[in-house]
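S.K.: Okay, here's the structure, questions in a sec.
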Amino acid sequence: MRLILLAALSLSLFAQQQQTVAEKPGRVSGKVLNAITGEPVRKATVTMQPAGAQQMQGGPPGFGGGMRGGSSAATDNAGNFVFENVTPGRYRVSGEKTGFIRSTFGGRGGGIGSEVNVSAGSDKADVVVRMTPQGIVSGRILDEDGEPMEGVSVSLIRPTYFQAQRRMMGQGANQTNDRGDFRITNVAPGKYYVLVQRLSMGGAPIQQGKEEFGYPRLYFPGVETMEQAQRVEVGAGQEFSGVQMTLRKVRVYRVKGRVAGVEAPAADQGRNRRGGGGGMVVQLRADGSSGDMGFGFGPPGMGGGQVRPDGTFELASITPGAYKLTVNSFEGGRPKVFGSMKLSVGNNNVDSIVVSPSPVVSFQGKVTVEGDKTLVNLKQVRIQVQGEMPFNQPLEVAEDGSFTLKDLSPEKYKVSLAQLPNAYVKAINVGGQDIRETGIDLSGGGGGPMEVILSTKIAKVDGMVEKQKQDDAPGTVIVAKVGPNSELTFINLTARVEDAGKFSIANLPPGEYKIFAFEEVDTATASDPEFLKKFEDRAGSVKIGEGESKSLSLKQIRYAETTSAPA
């Protein structure tokens, strides 16, 4: 018995020793440098955050538990920083300081970034965070008499991607001062649309006798639509000061109406009446204009506003033209189109219009798997159905692959799936047509059944990335699809490069692609076809079929080549 107890005690001590070795903390140190000059950045705040699902264990850093929940440190005069007692794991390291874009290790200026892997007892001393000096956009807004306009909102807009869908998002804004001047700081390098609109007094029209006047919103250099606008290019650490625009008063009109079936709040008045119209927003958009504006509906008086509790609404400062008026409902936390109508505004106010609720569409769907079905857990599949209202909640799938699309408004939708680790979306069929690219149009009613076909015969591209300089960050590999006319389309599929230069991209549908290796790039920049074309000759080309694997050797495109930073 004594021998058994001694053996058990020995095993326990051995296990404790092994556990102590495995949990021995590491050390991370490095520098923060100016991406333009290469000089150290002093008094920058450096933060280490766990990557993935790591959580705080055993107490905060410095109290015997190791670092799990994240910690921060300040750089010294030489730009150095150090983190002691770091629990083994994967971390994201980022730097912040006024006058610079928040930057991550291997991902400056809002880029995707690289992870820092900390093993037990390791001393990782080569973490360099290169911070990009902020860009600035400035200018002056005048009225038709050459007088400065105060309180005019100036916004920067650029495309970005969410669930593989392109959306135009605001990237910074400011208002003009009493001299008509504005200055937007903390701008990341890239190309932007500039939107100018008068928001003083809530966008209320200017009364002149019985007539009303207003200033229509304009895009730089003074046009009414984004399709006509010119983008401004902002370099790292540079100021674009050429936004000089004149706003001119025009005669404007009001649009008044009500939403049918909506009354003042009362106890349980049914699906369309519950809570009145307070949860509804009315939007007026030029008929035929782009529907990918994901940055808001516009304030009251500028083409959008709230529906009152009694169901009525009023829009002011509307210029003559053809519009689509849409009432969006947020009932149940799920944004959807309640109703819409075509509308023409001439040289008079438009009164007493009625927006009736649109008939909703529901239909069934099924997810099937081709290949090894054990590789896909159908309950983890998420389907994104996105119409005019952005950022709808993803739809879950039952264990047998079935799902139901409920209460869809009669409009156009794009259907996509969140990326799966072991499968790709081979087809999304409705009525015998694959709608992955075209989307589904429910404006005529109908729809479904929908068949989503996943295939586990994934195509894979891997290989090596050769850095130009040893201290360059490992970087990121991005994928662009080659179209029928050789156009390049960023498909929001990226892969981080390991320290040794290896990369691997799976889940590729069959097709022809250009593969780029950037030291740093953000998705908004990568989605610009002009940017991709500029570096097309540096990309790897691959044409791949279902289930194929191919290898590429890529030469990294340095961050300095994509901005104004010196090489």
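Take any residue in the sequence shown, count from 1 to its spot, add 640: that is its number in the working numbering. We treat Cβ as the ideally placed atom computed from N, Cα and C, and that holds for glycine.
Report yes if the C-beta distance between V967 and S957 is below 9 Å; otherwise report no.
M.R.: To locate residue 967, count along the sequence shown from 1; it is residue 327. To locate residue 957, count along the sequence shown from 1; it is residue 317. No; because the gap between Cβ atoms is not below 9 Å, this pair is not in contact.
S.K.: Among all the DSSP beta bridges, which residues are the ones paired with M885?
M.R.: Residue numbering aside, residue 885 sits at position 245 when the sequence shown is read from its first letter. Bridge partners of M885: I781.
S.K.: Go ahead and label D1139 buried or exposed: buried means 16 or more other beta carbons lie within 10 angstroms of its beta carbon, across all protein chains shown.
M.R.: Reading the sequence shown from its first residue, position 499 is the one you call residue 1139. With fewer than 16 Cβ atoms within 10 Å of its Cβ, D1139 is classed as exposed.
S.K.: Since V1025 and V1055 should fall inside the 8 Å C-beta cutoff, what is the C-beta to C-beta distance between them, to a whole number of angstroms?
M.R.: Looking up residue 1025 in the sequence shown gives position 385. Looking up residue 1055 in the sequence shown gives position 415. Their Cβ separation, rounded to whole angstroms, is 6 Å, which keeps V1025 and V1055 in contact under 8 Å.
S.K.: Using the three-state DSSP reduction, which class does N1082 fall into: helix, strand or coil?
M.R.: By one-based count along the sequence shown, residue 1082 stands at place 442. Reading off the sequence, residue 1082 comes out as Leu, not Asn. If DSSP states are grouped into helix, strand and coil, L1082 belongs with coil.
S.K.: DSSP puts V1009 in a beta bridge; with which residues?
M.R.: Along the sequence shown, read from residue 1 onward, the residue named residue 1009 stands at position 369. DSSP output for V1009 lists L1094 as bridge partner(s).
S.K.: Quick check: the Cα distance between A1166 and T1014, rounded to an integer number of angstroms?
M.R.: As a first step, residue 1166 is located in the sequence shown; it is residue number 526 there, counting from the start. As a first step, residue 1014 is located in the sequence shown; it is residue number 374 there, counting from the start. Rounded to whole angstroms, A1166 to T1014 spans 35 Å at the Cα level.
S.K.: For the alpha helix (DSSP H) that contains T1165, what are its first and last residues?
M.R.: Translated into positions along the sequence shown, residue 1165 becomes position 525. Where T1165 is concerned, the enclosing alpha helix (DSSP H) stretches over 1163 to 1166.
S.K.: How would you label I1197, buried or exposed, when you count the other beta carbons within 10 angstroms and need 16 or more for buried?
M.R.: On the sequence shown, position 557 is the one that residue 1197 refers to. By the neighbour-count rule (16 or more Cβ atoms within 10 Å), I1197 is buried.
S.K.: Determine the DSSP secondary structure at G749, reduced to helix, strand or coil.
M.R.: Position 109 of the sequence shown, counting from 1, holds the residue named residue 749. For G749, the pLDDT reaches just 45, beneath the cut-off of 50, and the residue's location in the model is therefore unreliable, although a value from the coordinates is still provided. If DSSP states are grouped into helix, strand and coil, G749 belongs with the helices.
S.K.: For V834 and V794, which I take to be in contact (beta-carbon distance under 8 Å), what is that distance rounded to the nearest angstrom?
M.R.: Reading the sequence shown from its first residue, position 194 is the one you call residue 834. Reading the sequence shown from its first residue, position 154 is the one you call residue 794. Right, the Cβ-Cβ distance comes to about 6 Å (below 8 Å), so this counts as a contact.
S.K.: For the beta strand (DSSP E) containing A1067, list its first residue and its last residue.
M.R.: Start at 1 with the first residue of the sequence shown, and residue 1067 comes out as number 427. That run of the beta strand (DSSP E) goes 1064 to 1070.
S.K.: Run through the DSSP bridge pairs and tell me what V836 is partnered with.
M.R.: Along the sequence shown, read from residue 1 onward, the residue named residue 836 stands at position 196. DSSP lists V794, L858 as partners of V836.
S.K.: Taking 6 Å as the limit between beta carbons, can you name the residues of its chain near L1133, skipping five residues before and five after?
M.R.: Taking the sequence shown and counting its residues from 1, the one referred to as residue 1133 is at position 493. Correct list, in chain order: V1119.
S.K.: Go ahead and label P665 buried or exposed: buried means 16 or more other beta carbons lie within 10 angstroms of its beta carbon, across all protein chains shown.
M.R.: The residue given as residue 665 occupies position 25 in the sequence shown. It is buried - the Cβ of P665 has at least 16 other Cβ atoms within 10 Å.
S.K.: Using the Cα positions of P999 and S1049, report the straight-line distance between them to the nearest angstrom.
M.R.: Looking up residue 999 in the sequence shown gives position 359. Looking up residue 1049 in the sequence shown gives position 409. Going by the C-alpha atoms only, they are around 7 Å apart.
S.K.: Between the Cα of Q923 and the Cα atoms of T1116, E903, Y963, which residue gives the shortest distance?
M.R.: Sequence index remark: in the sequence shown, residue 923 carries index 283 (1-based). Considering only alpha carbons, the answer is Y963.
S.K.: Buried or exposed for V890, going by 16 or more other Cβ atoms inside 10 Å?
M.R.: For the purposes of this step, residue 890 is identified with residue 250 of the sequence shown, where counting begins at 1. With fewer than 16 other Cβ atoms within 10 Å, it is exposed.
S.K.: So what does V1119 bridge to, in DSSP terms?
M.R.: Looking up residue 1119 in the sequence shown gives position 479. Looking at the DSSP assignment, V1119 forms a beta bridge with I1155.
S.K.: Would DSSP call A1200 helix, strand or coil?
M.R.: As a first step, residue 1200 is located in the sequence shown; it is residue number 560 there, counting from the start. Helix, per DSSP.
S.K.: Quick one: residues in its chain with C-beta nearer than 7 Å to the C-beta of V994, no 5 flanking neighbours on either side, listed in chain order?
M.R.: In the sequence shown, residue 994 corresponds to position 354, counting from 1. Cβ within range, chain order: G897, R898, A900.
S.K.: Tell me which residue opens and which closes the beta strand (DSSP E) that K664 is part of.
M.R.: To locate residue 664, count along the sequence shown from 1; it is residue 24. Taken as a continuous stretch (DSSP letters only), K664 belongs to no beta strand (DSSP E), as it is neither H nor E.
S.K.: Considering only the beta carbon of each residue, do V756 and V668 sit closer than 9 Å?
M.R.: Looking up residue 756 in the sequence shown gives position 116. Looking up residue 668 in the sequence shown gives position 28. Yes, they are a contact pair.
S.K.: Just to check my reading of the structure: T715 and A684 have Cβ atoms closer than 8 Å, yes? What is that Cβ distance to the nearest angstrom?
M.R.: On the sequence shown, position 75 is the one that residue 715 refers to. On the sequence shown, position 44 is the one that residue 684 refers to. Yes, they are in contact, since the Cβ atoms of T715 and A684 sit about 5 Å apart, within 8 Å.
S.K.: Starting from E1170, trace the beta strand (DSSP E) in both directions and tell me its first and last residue.
M.R.: As a working note, residue 1170 is residue 530 in the sequence shown. Not the beta strand (DSSP E): E1170 falls in the alpha helix (DSSP H), residues 1169 to 1174.
S.K.: If contacts are defined as beta-carbon pairs under 8 Å, then L1094 and V1037 qualify, I think. What distance do you get, rounded to the angstrom?
M.R.: What you label residue 1094 is simply residue 454 of the sequence shown in a count that begins at 1. What you label residue 1037 is simply residue 397 of the sequence shown in a count that begins at 1. The Cβ separation is near 10 Å, so there is no contact.
S.K.: Report all residues from its chain with a CB closer than 7 Å to the CB of Y731; omit the five preceding and five following residues, and keep chain order.
M.R.: Locating residue 731 in the sequence shown gives position 91, counting from the first residue. Closer than 7 Å at the Cβ level, and outside the excluded window around Y731, lie M688, Q689, P690, A691, E755, V756, V758.
S.K.: If you reduce the DSSP assignment to three classes, tell me which class T1014 lands in.
M.R.: On the sequence shown, residue 1014 is found 374 positions in, with the first residue counted as 1. In the structure shown, T1014 sits in a helix (DSSP, three-state: H, G or I).
S.K.: Counting C-beta neighbours from all protein chains within 10 Å, is the total for T816 16 or more, i.e. buried, or is it exposed?
M.R.: Here the question's residue 816 lines up with position 176 in the sequence shown. When all chains shown are included, T816 counts as buried.
S.K.: If you draw a straight line from the alpha carbon of G719 to that of K1109, how long is it in whole angstroms?
M.R.: Here residue 719 is taken as the residue at index 79 of the sequence shown, counted from 1. Here residue 1109 is taken as the residue at index 469 of the sequence shown, counted from 1. When rounded, the distance between both Cα atoms is 21 Å.
S.K.: List the endpoints of the continuous beta strand (DSSP E) containing K850.
M.R.: Against the sequence shown, residue 850 aligns to sequence position 210. No beta strand (DSSP E) holds K850; DSSP gives it neither H nor E.
S.K.: Go ahead and label K867 buried or exposed: buried means 16 or more other beta carbons lie within 10 angstroms of its beta carbon, across all protein chains shown.
M.R.: If you number the sequence shown from 1, residue 867 lands on position 227. Sequence check: residue 867 is Glu here, not Lys. By the 10 Å Cβ count, E867 comes out exposed.
S.K.: L965 and V895 - do their beta-carbons sit closer together than 9 Å?
M.R.: For the purposes of this step, residue 895 is taken as the residue at position 255 of the sequence shown. For the purposes of this step, residue 965 is taken as the residue at position 325 of the sequence shown. Against a cut-off of 9 Å, the Cβ pair of L965 and V895 comes out as a contact.
S.K.: Excluding the 5 residues flanking E1051 on each side, which residues of the same chain have their C-beta closer than 7 Å to its C-beta?
M.R.: For this step, residue 1051 is matched to residue 411 along the sequence shown. Closer than 7 Å at the Cβ level, and outside the excluded window around E1051, lie V977, G1027, E1028, L1082, S1083.
S.K.: Terminal residues of the continuous beta strand (DSSP E) containing F970?
M.R.: The residue given as residue 970 occupies position 330 in the sequence shown. That residue, F970, is in no beta strand (DSSP E); it is neither H nor E in DSSP.
S.K.: Following the continuous beta strand (DSSP E) through Q689, name the residue where it begins and the one where it ends.
M.R.: Working through the sequence shown from its first residue, we reach residue 689 at position 49. Where Q689 is concerned, the enclosing beta strand (DSSP E) stretches over 685 to 690.
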